[in-house]
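Respectively, the protein sequence lines represent chains A and B. Okay, so the first sequence: first residue is 38 according to this note's numbering, each after it adds one. Okay, so the second sequence: first residue is 38 according to this note's numbering, each after it adds one.
2 protein chains.
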Amino acid sequence: MIRLNCSLLLQESDNRKPLIEAATELVELSLRDKGCIEYDLYGSLTNDDRLMIVETWKSQKDLKEHMASEHFLRLVPKIQSLAEMTLEQFDF
Amino acid sequence: MIRLNCSLLLQESDNRKPLIEAATELVELSLRDKGCIEYDLYGSLTNDDRLMIVETWKSQKDLKEHMASEHFLRLVPKIQSLAEMTLEQFDF
């Protein structure tokens, strides 16, 4: 399986609401993708500018297909325009 | 380095406030521990009963020392009495 920790650091606090809207839509649509075991958006409880998407995928193939989906290609650039994204992948 | 994803699932929504208090204290004290690179508490933005502590440690030795600290031994049992804890460790 694959765990992704996708950190999102807001550059401007005003971007928090549109970021949460875009990321929440990505969560809802990605949960329906083949091989998606877990996909959720979290907000730091000590720093409002720090958020994280935590994802679990069955296989690299499923993750690759997710990354070619309409919702990924539409929403990820939007999210990246609102926050600095750092993606870390762990295989287990 | 070591990444920990420590999922916390509330059994009762009333436990959310005391859980956040105990986990926030753990975050503050653990950030001072030797070898702690990152330590933060996150709450799911789609489900109030789901929280996560995300930690990054320099080495297994540092993590072991943290797990023997007064604050770990005092606060983790308290957290576990309030939520179901699932710990996943990734080496990178």
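We treat Cβ as the ideally placed atom computed from N, Cα and C, and that holds for glycine.
Query                                                                                                                               : Result
By a C-beta neighbour count over all protein chains shown, 10 Å radius and 16 as the cutoff for buried, is B/I74 buried or exposed? : exposed
Between B/L82 and A/T93, is the Cβ-Cβ spacing less than 8 Å?                                                                        : no
Of the choices B/L47, B/E121, B/N84, whose alpha-carbon is the least far from that of A/E65?                                        : B/N84
What's the C-alpha gap between A/R40 and A/D128?                                                                                    : 6 Å
Compare the C-beta of A/N52 against all C-beta atoms of chain B and say whether one is closer than 8 Å.                             : no
Whole angstroms are fine: how far does the CA of B/Q97 sit from the CA of A/L100?                                                   : 29 Å
Report the neighbours of B/L82 on chain A: residues whose CB is nearer than 9 Å to its CB, in chain order.                          : I57, A60, T61, V64, D77, L78, Y79, G80, L88
Could you please give the first and the last residue of the uninterrupted alpha helix (DSSP H) stretch that includes A/D99?         : 97-103
Going by beta-carbon coordinates alone, are A/V91 and A/D77 separated by less than 8 Å?                                             : yes
Quick one, which residues of the segment 95-129 of chain B are near chain A if we go by CB-CB under 8 Å, in chain order?            : E125, F127, F129
On the DSSP letters alone, give me the boundaries of the alpha helix (DSSP H) that A/E49 sits inside.                               : Premise fails: A/E49 is in no alpha helix (DSSP H) and is neither H nor E.
Within this structure, are the beta carbons of A/N42 and A/E121 separated by less than 8 Å?                                         : no
Using a beta-carbon distance below 8 Å, is B/R69 in contact with chain A?                                                           : no
What's the C-alpha gap between A/M104 and A/L112?                                                                                   : 11 Å
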